[in-house]
Structure formats: C-alpha cells, structure tokens
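Structure record follows, encoded as structure tokens.
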Amino acid sequence: MSISVGLNCPACGGAIQVADGEQVVNCEYCGSMLYLEGDGGVNTIAFKMKVDRGAARAVSEEWFRKDWKARDLRKEAKVLEIYPIYLPFWSIKMRVIGWICGYDERTYSDSKGHTRTERIPKEEMVLNDYQYSEIACDPGDLGIKRLRNFLGESEFEDFGNIPTYEATTSKDEAMKRIGEEALNDARGEAHVQHVTFERVHVLPRALSMIYYPIWVVRYGYREKMYIYTVDGVSGEIISGRAPGDPLFQSLAITAGTTIGGLIAAGSLYLMAASETMDPTITLIGLAAGAIITFGAYMFFRHGSEIIEGDFTDKKYGLGGLDEMGVVSDLLKGRIDLGGRI
Amino acid sequence: MKVVQVRCPNCSQPIYSKIKDIVFFCENCKVLHIRGGETKVIDYEIADFNKTITAEKKYMPFWRVWCNFTINESRVSGGTFRKMAQFMRGGGNSGSLFVFVPASEMDVATFKQLAMDLTMSPPRYSTRLDFGGLQRLPTKITNGEAENVSDFVFVTIQADKPGILQDLDYDLVCQEARMVYLPFVVTESGPRPAW
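Here the protein sequences line up with chains W and C, keeping their order. Under numbering that gives the first Met the number 0, the first sequence has 3 at position 4, and the numbering climbs by one with no breaks. Under numbering that gives the first Met the number 0, the second sequence has 185 at position 186, and the numbering climbs by one with no breaks.
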C-alpha cells in the first residue's frame with residue numbers, strides 16, 4: 000500500500016514525488032535534500048476525485064443485483080440525492096517491536112480417559128510493521144470507518160470545490176487507539192496462550208491526514224429511504240443499505256431450521272446407534288446444527304435490510320454470527336467442544 | 000504544510016545527497032543533524048576503515064545507547080542471564096553497557112545478529128572525520144526510537160538461546176544515544192566488519 004503525491008523542489012522547481020508518511024525526499028534534478036514540515040508533524044494529502052456523478056449513479060445497477068436484496072430493487076429504486084464529499088482519515092504506520100514470553104498448554108487423553116497436560120514454554124519475538132487508517136470525523140450514517148484504497152492520484156490539500164468534513168478527532172487520540180490496535184494484533188500473531196512476560200514497544204513511523212473523495216447516494220424504495228456510498232477514486236461501493244427480500248427470508252428460515260435440525264438429530268441418532276462413536280463428533284454435530292439454525296434465524300430476523308460497510312448494526316446470517324465472534328471463535332478453537340479442539 | 004530545502008544548522012549550507020536519510024550530514028562543516036519537530040545536532044563517530052580490505056565497503060549507521068540496568072529476577076528454562084554477567088558491577092545485579100542499535104533498514108536476522116554481536120563485544124576502532132568517499136546506508140530509526148529498541152535488544156540478549164525465557168524483572172535506563180558509523184563489507188552471508 001502506498002500513496003505518492005507530486006510537488007516541486009523549492010530549490011530548482013523540479014517535479015518530485017513523495018510517498019505517504021515520508022518526511023524526507025531527494026530532488027532528483029538538483030540533489031537537494033528536502034524536508035516536509037507538516038502541521039504538528041502531520042502531512043495532509045487529498046486524493047483526486049476520479050468518478051463523475053453519472054458513474055456513481057450507474058454503479059448501483061450491479062450492486063442492487065448482488066446478494067439477497069429485493070428482486071425489484073433495480074426497477075423500483077429512485078435516486079433522491081447524490082453529492083460528493085471529502086472524508087478525513089488518519090493514516091498511521093506503526094512498528095511493533097519486543098518480546099512476548101509464556102507457555103502453551105496441550106491436553107492429551109488416552110483411551111482410559113486419563114488426561115495429561117503438557118506445558119510448552121514459548122518466547123516470541125515481535126517485529127512487525129502495520130498500517131492502519133481510521134476516520135477522523137463522525138461519519139454519521141455513512142458506514143465508513145476505514146480507508147479501503149491507498150492507491151490513486153493525490154495532491155497536498157487540493158479539494159477542488161467539493162465540500163469537506165472537518166477532522167474532529169485529535170492526532171493523539173488516533174495514535175493511542177491505533178497503537179493499542181497494533182499491540183493487540185502483534186499479541187495475536189505471537190500466539191502465546193499464557194503470557195508470563197511481555198515487553199513490547201509501539202513506535203509510530205509515519206502519520207498522515209488523508210482526505211478521501213466519496214459520492215453519497217440517497218435513494219427511495221417503497222416509501223423508505225436508503226443510502227449507499229461510492230469510492231471517488233476506484234468507483235466501487237464502499238458501504239450501503241438496501242431492502243432485503245421477504246421471499247429469501249422465508250426460504251432461509253425454512254431451509255436453515257430444516258438442515259440444522261437434521262444435522263443435530265443425525266448426530267444424536269448416530270451416537271445412540273453406535274457405542275464406539277467418539278462423543279466429540281456428536282457435540283460438533285449439535286454445535287453445527289445450532290449454528291446453522293441460528294444463522295438462518297438471524298437472516299430471517301435482520302434480513303429485511305441488507306447492510307454493507309462499517310455499520311454497527313450489521314448482524315444477519317453467518318456474517319452476523321461472525322460479528323459476534325461465534326464463528327471466528329469456533330475456527331480459532333476458543334470455544335471448547337469436549338475439550339479437544 | 001510546506002516543503003523546505005534542508006540546510007545545515009551550523010553553517011547554513013544546503014545539504015545535497017543521493018540517499019534518503021533522516022539524518023543530514025553537512026559535507027562543509029561535518030555537522031550531523033536530525034529533524035522532527037525541532038532541529039537537533041547529534042553527536043557521531045565515524046570508524047576508520049581497514050585499508051587493506053579491497054572489497055567494496057559501506058558505512059552502516061548504529062545508535063550507540065549508554066544504558067544502566069538492574070536485573071531483579073530472571074526465570075528461564077534451560078539457561079540463565081549469564082550473558083549479562085560481564086557488564087555487572089562487583090558481582091551485583093546491576094551494571095552498564097553500550098547497546099548498539101542498527102539504524103538502517105535490514106532483515107530481522109541481520110538486525111538481531113549485528114545488535115547482539117556489537118553489544119556483547121563493543122567494537123574498537125580509530126575514528127575519522129568523513130566517510131572517505133565510501134557509501135553510507137541511510138538511517139531509518141530516530142534517536143528517540145533507539146531508546147525503545149535498546150530495550151528490545153536488551154531482552155533479545157536475555158531471550159536468545161539456550162534459554163526459554165519465562166519472566167524477566169528488570170529496569171533499563173537509557174542515558175544518551177550517539178550515532179556511530181561502522182564500515183562493513185556486504186557479503187552474501189551478511190555484513191562483515193571492515194574496521
């Protein structure tokens with residue numbers, strides 16, 4: 000991921016490129032060392048709007064058709080308002096360096112049911128670079144919290160005539176939040192189950208304020224208003240809300256409860272029929288049945304609106320389960336099914 | 000935000016360079032400075048290179064950080080903190096040492112190796128006033144960051160094999176950081192000292 004902006008050498012006027020977060024640049028024409036003095040150490044960069052109004056409107060054609068949205072959405076949706084804005088984002092590069100020590104525990108069972116726990120010492124070196132972004136204002140109902148694209152033509156603070164949201168979060172707040180996020184990511188990558196010693200430093204490497212252009216499109220469907228936003232550089236949908244389809248909801252709850260029930264019942268039947276079957280398989284079957292049934296219920300409950308982007312109320316289907324951490328916890332083995340995952 | 004031409008804080012001459020470096024060396028008055036909030040002149044040493052080595056040599060920057068440490072308790076499996084014994088005073092649990100922090104970009108293995116080798120066996124060299132026409136690698140770590148990285152190097156020395164470190168209760172106070180340029184011959188197996 001890199002952003003570069005064009006500027007001119009103050010010594011010779013030659014055109015030079017500066018990468019995002021860099022403070023020092025060499026002029027390739029006169030060899031001068033140049034230094035970027037940002038406001039409070041922050042470089043401000045604005046991406047150029049590359050998508051016009053027509054393209055922002057047209058992108059909905061494909062988006063309305065995708066996923067489980069109402070089947071007549073393309074025909075019935077009426078665009079009420081479409082306008083461009085610049086949103087401010089903090090872009091921060093962090094280096095996390097240090098050591099995390101501790102131990103992992105492995106539990107083994109033999110055929111007689113005896114369990115043995117082995118403690119495996121671990122010392123993990125952490126030396127990672129991360130890049131994060133977070134929105135620097137209250138985005139309201141736009142459903143955008145992070146930058147998704149870091150490629151495009153950019154300039155220093157040139158917004159044209161497009162309105163701009165003012166940054167409302169401070170540099171220090173953003174650094175603190177993102178520093179904690181980097182630390183947590185580094186801890187996660189170290190994979191030390193029980194930490195006995197931790198000495199980790201988070202070093203901010205570069206900080207930029209990036210103004211990113213987006214199109215906001217508000218549209219109506221059967222007397223309700225919805226919204227979607229379009230990336231002003233790549234032309235892709237960033238976030239949006241759209242009506243779901245009652246038929247899909249009905250099919251989901253019917254199929255989900257049927258399949259989930261069959262899996263759960265099947266696993267119970269197998270356990271009853273076979274004396275030698277490992278009870279863990281039954282527990283996994285019950286859990287899988289419950290997850291499928293619950294996912295179908297969540298889709299039925301919340302599928303009347305299809306949500307894409309960083310909205311806090313996005314919770315339907317298995318995506319909703321994952322938002323709540325159920326699926327990811329199961330995959331990572333945090334939910335213990337019989338103590339053997 | 001503005002772009003400025005870097006000038007020496009001592010003689011005001013513009014600084015020219017082909018490398019992108021966060022520290023600026025004035026060829027005119029030999030002053031090294033760093034920017035970031037404020038302009039600060041930094042102490043440095045340039046180690047003289049061994050002229051009998053004919054292979055291509057490059058100067059690598061290191062932050063040499065003077066640190067005082069006290070180890071209150073160390074718990075390891077299969078090892079001890081014996082490596083720090085040479086730096087401890089009078090058989091006690093505290094001491095001082097120069098921590099060498101590689102300041103240029105390099106892979107993790109080389110970084111660890113150089114930091115540990117130079118910290119455990121500080122180099123002895125005669126100094127010179129310029130780089131003698133040798134290429135120098137750009138600095139990527141600031142003096143402020145070097146203090147945190149010193150802490151990392153300190154634990155690295157403790158945590159490296161054969162010990163499986165489980166706990167380390169220590170205090171490390173970094174006093175001052177000086178830039179040291181050391182000449183190396185860059186080989187396929189890694190940098191080889193050339194002083």
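The beta-carbon is built from N, C-alpha and C at its ideal position, and this holds for glycine as well. Every value quoted in this text rests on a predicted model; they were computed, and no experiment measured them.
May I have a chain-ordered list of the beta strand (DSSP E) segments no shorter than 3 residues that lie completely inside the stretch 110–157 of chain W? 114–134
Find the residues of chain C that neighbour residue 34 of chain W, judging by a C-beta separation of less than 7 Å, and give them in chain order. Taking the first sequence and counting its residues from 1, one reaches residue 34 of chain W at position 35. Simply 3, 5, 34.
Would you mind telling me which residues of chain W sit closer than 8 Å to residue 17 of chain C, beta carbon to beta carbon, in chain order? One-based indexing of the second sequence puts residue 17 of chain C at position 18. In chain order: 25, 30.
List the residues that DSSP assigns as beta-bridge partners of residue 126 of chain C. Here residue 126 of chain C corresponds to residue number 127 of the second sequence, with the count starting at 1. Paired residues: C:46.
Would you please state the rounded distance, in angstroms, between the beta carbons of residue 224 of chain W and residue 5 of chain C? I believe it to be under 8 Å. Here residue 224 of chain W refers to the residue found at position 225 when the first sequence is read from its first residue. Here residue 5 of chain C refers to the residue found at position 6 when the second sequence is read from its first residue. About 54 Å; that fails the 8 Å criterion.
Report the residue from C:53, C:93, C:89 whose alpha carbon sits nearest the alpha carbon of residue 172 of chain C. Indexing the second sequence from 1 puts residue 172 of chain C at position 173. Among C:53, C:93, C:89, the Cα nearest to that of residue 172 of chain C is on C:93.
If we ignore side chains and look at the alpha-carbon of each, how far apart do residue 37 of chain C and residue 31 of chain C end up? Numbered from 1 along the second sequence, position 38 holds the residue referred to as residue 37 of chain C. Numbered from 1 along the second sequence, position 32 holds the residue referred to as residue 31 of chain C. Distance between the alpha carbons of residue 37 of chain C and residue 31 of chain C: 14 Å.
I want to verify the contact list: residues of chain C whose CB lies under 8 Å from the CB of residue 9 of chain W, in sequence order. The count along the first sequence starts at 1 and reaches residue 9 of chain W at position 10. The answer, in chain order, is 2, 3, 4.
Please go through the same chain and pick out, in chain order, the residues whose beta-carbon is closer than 8 Å to the beta-carbon of residue 23 of chain W, but skip the five residues on each side of it. Taking the first residue of the first sequence as position 1, residue 23 of chain W is located at position 24. Answer for residue 23 of chain W: 32, 33, 34, 35, listed in chain order.
Candidates W:201, W:171, W:73: which alpha carbon is nearest residue 58 of chain W's? The residue labelled residue 58 of chain W in the question sits at position 59 within the first sequence. The candidate whose alpha carbon is nearest that of residue 58 of chain W is W:73.
Quick check on residue 150 of chain C - is its C-beta less than 8 Å from some C-beta in chain W? As a first step, residue 150 of chain C is located in the second sequence; it is residue number 151 there, counting from the start. Output row for residue 150 of chain C: interface = yes.
Proximal residues to residue 258 of chain W (C-beta, below 7 Å), its chain only, five neighbours per side dropped: The residue you call residue 258 of chain W lines up with position 259 of the first sequence. Once the five neighbours on either side are set aside, the close Cβ partners of residue 258 of chain W are 291.
Pick helix, strand or coil for residue 166 of chain W, following the three-state DSSP scheme. Against the first sequence, residue 166 of chain W aligns to sequence position 167. DSSP places residue 166 of chain W in coil when its eight states are reduced to three.
Output, in sequence order along the chain, the residues in the stretch 93–112 of chain C whose CB is closer than 7 Å to any CB in chain W. 107
Per DSSP, what kind of secondary structure is residue 9 of chain W in: helix, strand or coil? If you number the first sequence from 1, residue 9 of chain W lands on position 10. Here residue 9 of chain W sits in coil by DSSP.
For residue 106 of chain W, the residue or residues it bridges with in DSSP: In the first sequence, residue 106 of chain W corresponds to position 107, counting from 1. W:116, per the DSSP bridge assignment.
Using a cut-off of 8 Å between C-beta atoms, extract the partners of residue 41 of chain C located in chain D. This model lacks chain D altogether, as its protein chains are W and C.
Using three-state DSSP, classify residue 201 of chain C as helix, strand or coil. Chain C is shown from 0 up to 194; residue 201 of chain C falls before or after that span and cannot be answered.
In the DSSP output, what is residue 243 of chain W paired with across the bridge? Here the question's residue 243 of chain W lines up with position 244 in the first sequence. Answer is W:68.
Express the C-alpha separation of residue 9 of chain W and residue 189 of chain W in angstroms, rounding to a whole number. Along the first sequence, one-based indexing puts residue 189 of chain W at 190. Along the first sequence, one-based indexing puts residue 9 of chain W at 10. Rounded to whole angstroms, residue 189 of chain W to residue 9 of chain W spans 46 Å at the Cα level.
Proximity test, Cβ basis, 8 Å: residue 20 of chain C and chain W: Mapped onto the second sequence, residue 20 of chain C falls at position 21. Residue 20 of chain C counts as touching chain W.
If you check the beta carbons only, do residue 48 of chain C and residue 182 of chain C fall under 8 Å apart? For the purposes of this step, residue 48 of chain C is taken as the residue at position 49 of the second sequence. For the purposes of this step, residue 182 of chain C is taken as the residue at position 183 of the second sequence. A contact, by the Cβ cut-off of 8 Å.
Give the secondary structure of residue 171 of chain W by DSSP, where H, G and I count as helix, E and B as strand, and everything else as coil. Against the first sequence, residue 171 of chain W aligns to sequence position 172. Residue state, collapsed to three classes: helix.
Within the stretch 21–46 of chain W, note down every full beta strand (DSSP E) run reaching 3 residues or more, in order along the chain. 23–25, 32–36, 42–46
Could you name the residues of the same chain whose beta carbon sits closer than 8 Å to that of residue 180 of chain C, not counting the 5 residues immediately before and after it, in chain order? As a working mapping, residue 180 of chain C is identified with position 181 in the second sequence. Counting only Cβ-Cβ distances below 8 Å, and skipping sequence neighbours, we find 43, 44, 45, 46, 58, 59, 60, 61, 130, 135.
Selection from W:169, W:65, W:220, W:81 that minimises the alpha carbon distance to residue 213 of chain W: If you number the first sequence from 1, residue 213 of chain W lands on position 214. When only C-alpha atoms are compared, the closest one is W:81.
Does residue 168 of chain W have its Cβ less than 8 Å from a Cβ in chain C? In the first sequence, the residue the question calls residue 168 of chain W occupies position 169. Output row for residue 168 of chain W: interface = no.
Our contact map puts residue 266 of chain W next to residue 284 of chain W with C-beta atoms below 8 Å; I'd like the distance itself, whole angstroms only. For the purposes of this step, residue 266 of chain W is taken as the residue at position 267 of the first sequence. For the purposes of this step, residue 284 of chain W is taken as the residue at position 285 of the first sequence. Contact holds; Cβ gap of about 3 Å.
List, in order along the chain, the chain W residues whose C-beta lies closer than 8 Å to that of residue 154 of chain C? Looking up residue 154 of chain C in the second sequence gives position 155. Ordered by position in chain W, the residues that pass the 8 Å Cβ test against residue 154 of chain C are 97, 98, 198.
Tell me, please, whether the CB atom of residue 6 of chain W is closer than 8 Å to any CB atom in chain C? Your numbering for residue 6 of chain W matches position 7 in the first sequence. Yes, residue 6 of chain W lies at the interface with chain C (some Cβ there is under 8 Å from its Cβ).
Would residue 72 of chain C be called buried (16 or more neighbouring beta carbons within 10 Å of its own) or exposed? As a position in the second sequence, residue 72 of chain C is number 73, starting the count at 1. Label assigned to residue 72 of chain C: exposed.
Counting only beta-carbon separations shorter than 8 Å, does residue 74 of chain W have a partner in chain C? Taking the first sequence and counting its residues from 1, the one referred to as residue 74 of chain W is at position 75. Answer no: the Cβ-Cβ gap between residue 74 of chain W and chain C never drops below 8 Å.
Given 8 Å, three or more beta-carbon pairs between the stretch 137–145 of chain W and the stretch 49–57 of chain W: no
Check this for me: beta carbons of residue 233 of chain W and residue 90 of chain W, under 8 Å apart or not? Position 234 of the first sequence, counted from the first residue, corresponds to residue 233 of chain W. Position 91 of the first sequence, counted from the first residue, corresponds to residue 90 of chain W. Not a contact, by the Cβ cut-off of 8 Å.
With a 10 Å radius around its C-beta and 16 neighbouring C-beta atoms as the bar for buried, classify residue 182 of chain W as buried or exposed. Here the question's residue 182 of chain W lines up with position 183 in the first sequence. Counting Cβ neighbours within 10 Å, residue 182 of chain W comes out buried, since at least 16 surround it.
Under 8 Å: do the stretch 97–107 of chain C and the stretch 138–149 of chain C share three or more Cβ pairs, one atom per stretch? yes
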